[in-house]
Each structure stands twice: as C-alpha cells, then as structure tokens.
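*Asks:* Everything in the sequence shown is counted per our numbering, starting at 1 for the first residue and increasing by one. Ideal Cβ positions, reconstructed from N, Cα and C, are used throughout, including at glycine. Note that this is a predicted model, so its numbers are computed, not measured. I'd like to ask some things about the structure below.
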Amino acid sequence: MRLSETTRAAVETESGWILLPYGDVGDLLNTPNWRSAVNSALSASTEAPVADTDARFASVIATPRKVICCGLNYSDHILEMGRSLPTHPTLFAKYSDTLTGSTDPISAAGSRAVDWEAELAVVVGSELSEAGTEEAASAIAGYCVANDVSMRDWQNRTLQWFQGKNFTASTPLGPWLTTADEFDDDPTFVVEGWINDEQVQRGETASLVFSPVELLEYVSTFTTLRPGDVILTGTPGGVGQGMDPPRFAISGDVIRTHIEGLGTLINPVTV
1 MRLSETTRAA VETESGWILL PYGDVGDLLN TPNWRSAVNS ALSASTEAPV ADTDARFASV
61 IATPRKVICC GLNYSDHILE MGRSLPTHPT LFAKYSDTLT GSTDPISAAG SRAVDWEAEL
121 AVVVGSELSE AGTEEAASAI AGYCVANDVS MRDWQNRTLQ WFQGKNFTAS TPLGPWLTTA
181 DEFDDDPTFV VEGWINDEQV QRGETASLVF SPVELLEYVS TFTTLRPGDV ILTGTPGGVG
241 QGMDPPRFAI SGDVIRTHIE GLGTLINPVT V
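Have a look at this one:
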C-alpha cells in the first residue's frame, strides 16, 4: 500500500486495511514464518485501519529478486501468433523496476506499438530449488493480477524479446496478493482484459499449456526461486498484435485487467 512517498504491507480485515511493519509484501514473505508474523502484527497493531476508499496500491512486490515470465502459454494465443504448441516453456525475464501499481499510468514514450497482455501472476512464498510437484505447489504464497504491457516494435527489432518487455514502470502488478489457501489446490481463474470499455481478452487458466505449479517446478530446476519472486504465467488470445490489422494502445487509452477473486488493474496509457 502506498503512503505518500513510502509503501507498507497491509492486510485486509472487516474494518479496513491494517498496516503491517514491513515495507511491502516482498519484505513480509522474506520473514520466517510469515503467516504467523502477520497474526502477531495484527494483534500488536495500534494504527487505525485504512478504508478501502483511501487505499492506494503500489506494486504488490516492489523489488523481487526475479520476475520470470512465460510467453506463449495459452493455446489460443499461441495460434493467433502463428506458432506451434511448445514442448518447453518460453521464458524471459523482467527487471523489478518494470513493475508498477494497480492504477498507475503507463508511459511508453518511444514506442508506437503498445500492446496489452492480461496475465495471472504467481508469487513465491518459500525457497525453491529442483522442486518436485508437491513442493512447488506448497511454495506458492498466492496470486495476483498482472499485465505484461509489451512494446511490440521494440520487441520485434531482434529475436530476443528483452527490450520490448522491460520499459520502466510498464507492468502493473496487484492490486493485492490473495493467498493460495483461499483457493483449491489447483484453482482455475478467468483472466480478462479491456481497452477502455471494449473487452479484448478472456481466457481460463485451465487451458494453460504449463500450469503455475509446472512453471515453478521447471524454473526451479535451473535457478533458485526465493520468497517474493514473481512468475507471470502468460496471456490468453486477444492481444493487439494478433488482430487483423494489428491494433495498439494510444495516449488516453485505459488498459483494464481483471481476474475474478483477485481484483482489477486500471492503468491509463501515455505514448
């Protein structure tokens, strides 16, 4: 939660958002026995709750060690991009300063091909290395909403996607983290995206080629995942580059991203 020039982790209660003694959710997740730490902090808190109407949400995780993204993970999106179904996840990385808040503006100066990619984000809650399926599942702290806003003209300059995926403050992540224990062991989410009032994306995570657990399991075989790391699981069909003719966001457009049970991002665009 954003407080003037700083941020604080907070937990939602019936009376409002209770501020916690951690800079953000990433700091909290790096605390041993973080669930117990939340309960202890709630019991000790003397600060007045923050009402929903007064709450402003920064990126859920401000400075993760890793932001690892899976491209081409929904079968409909893979087909609209003219590709075959992959046998292994197509991965790329983002820097942490690409992340921004749930209502923050996205400035994409220098790009004429700003595209939207509504996504489910998975946040890691414990260290994970060479994990099996059960361990990977238990390492999921929770889920939130993301949009992997992509500058296609920069992305397509070379075979490497990096430069089109790493514009500063271009990837909203939030608005909050909903912990994994709020859902079944293998939850299905409906991922939706709008440009202004026009719905352009809708997909169910049940159609992912590689599930969140499979992604954590796979990634952990070559790099250690740590608390607060973020995995973006890919986007369903309906991106601008896949349209005929291609369509991209312009200044004044608002990208809205929603996942039922996780919340909504509303981000105006300036190019």
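Taking 8 angstroms as the cut-off, decide whether the C-beta atoms of VAL60 and GLY174 are in contact.
*Replies:* Yes, these two residues count as a Cβ contact at 8 angstroms.
*Asks:* Should ASN33 go down as buried or exposed, given a rule of 16 or more other Cβ atoms within 10 Å for buried?
*Replies:* Per the 10 Å Cβ criterion, exposed.
*Asks:* CA-CA distance, ALA146 and THR158?
*Replies:* Their Cα atoms are separated by approximately 25 angstroms.
*Asks:* Provide the residue span of the alpha helix (DSSP H) that contains ARG35, from first to last.
*Replies:* Here the alpha helix (DSSP H) through ARG35 covers 34-44.
*Asks:* Quick one: using the 10 Å Cβ neighbour count with 16 as the cut-off for buried, is MET81 buried or exposed?
*Replies:* Exposed, because fewer than 16 other Cβ atoms sit within 10 Å of the Cβ of MET81.
*Asks:* What does a CB cutoff of less than 7 angstroms around VAL209 pick up in its chain, not counting 5 residues either side in sequence?
*Replies:* Hits under 7 angstroms: ASN73, SER75, LEU85 and PRO86.
*Asks:* Rounded to whole angstroms, how far is the Cβ of ARG83 from the Cβ of ALA113, which I believe are closer than 8 angstroms?
*Replies:* Contact flag wrong, Cβ pair sits at about 19 angstroms.
*Asks:* Counting Cβ pairs, one atom from each stretch, are 3 or more of them under 8 angstroms apart for the stretch 8-22 and the stretch 180-196?
*Replies:* Too few Cβ pairs lie closer than 8 angstroms, so no.
*Asks:* Taking DSSP's pairing of strands, which residues face ILE106 in a bridge?
*Replies:* DSSP output for ILE106 lists VAL269 as bridge partner(s).
*Asks:* Following the continuous alpha helix (DSSP H) through ALA137, name the residue where it begins and the one where it ends.
*Replies:* Note, ALA137: alpha helix (DSSP H), 133-138.
*Asks:* Contact check, LYS66 vs LEU215 under 8 angstroms by CB: the rounded distance?
*Replies:* With 8 angstroms as the limit, LYS66 and LEU215 do not qualify as a contact, their Cβ atoms being about 12 angstroms apart.
*Asks:* Taking three-plus beta-carbon pairs below 8 angstroms as touching, is the stretch 188-195 in contact with the stretch 96-105?
*Replies:* No, because fewer than three Cβ pairs between the stretch 188-195 and the stretch 96-105 fall closer than 8 angstroms, the two stretches do not touch.
*Asks:* Thinking just about the alpha-carbon of each residue, which of VAL230, SER45 and ASN267 is nearest to the one in GLY142?
*Replies:* Nearest C-alpha to GLY142: VAL230.
*Asks:* Whole angstroms is fine: what's the gap from TRP154's alpha carbon to ASN166's?
*Replies:* Approximately 10 angstroms between the Cα atoms of the pair.
*Asks:* So for ASP54, helix, strand or coil by DSSP?
*Replies:* Note: ASP54 maps to helix in three-state DSSP.
*Asks:* Along the chain, where does the alpha helix (DSSP H) containing GLN163 start, and where does it finish?
*Replies:* Its alpha helix (DSSP H) spans residues 162-165.
*Asks:* Going by C-alpha distance, which of GLU130, GLN199 and ALA10 is nearest GLY237?
*Replies:* Nearest option by C-alpha distance: GLN199.
*Asks:* Please go through the same chain and pick out, in chain order, the residues whose beta-carbon is closer than 7 angstroms to the beta-carbon of THR168, but skip the five residues on each side of it.
*Replies:* Contacts found: ASP97 and THR98.
*Asks:* On the CB-based measure, 16 or more other CB atoms within 10 Å of its CB, does PRO227 come out buried or exposed?
*Replies:* It is buried - the Cβ of PRO227 has at least 16 other Cβ atoms within 10 Å.
*Asks:* Quick one: is ALA44 buried, meaning 16 or more other Cβ sit within 10 Å of its Cβ, or exposed?
*Replies:* Exposed, since its Cβ has fewer than 16 Cβ neighbours within 10 Å.
*Asks:* Roughly how many angstroms separate the alpha carbons of TYR22 and CYS69, rounded to a whole number?
*Replies:* If I take the Cα positions, the gap works out to 26 angstroms.
*Asks:* Which ranges would you report for the beta strand (DSSP E) in the stretch 80-129 if only whole runs of at least 3 residues count?
*Replies:* With a minimum length of 3 residues, the continuous beta strand (DSSP E) runs that stay inside the stretch 80-129 are 90-94 and 118-124.
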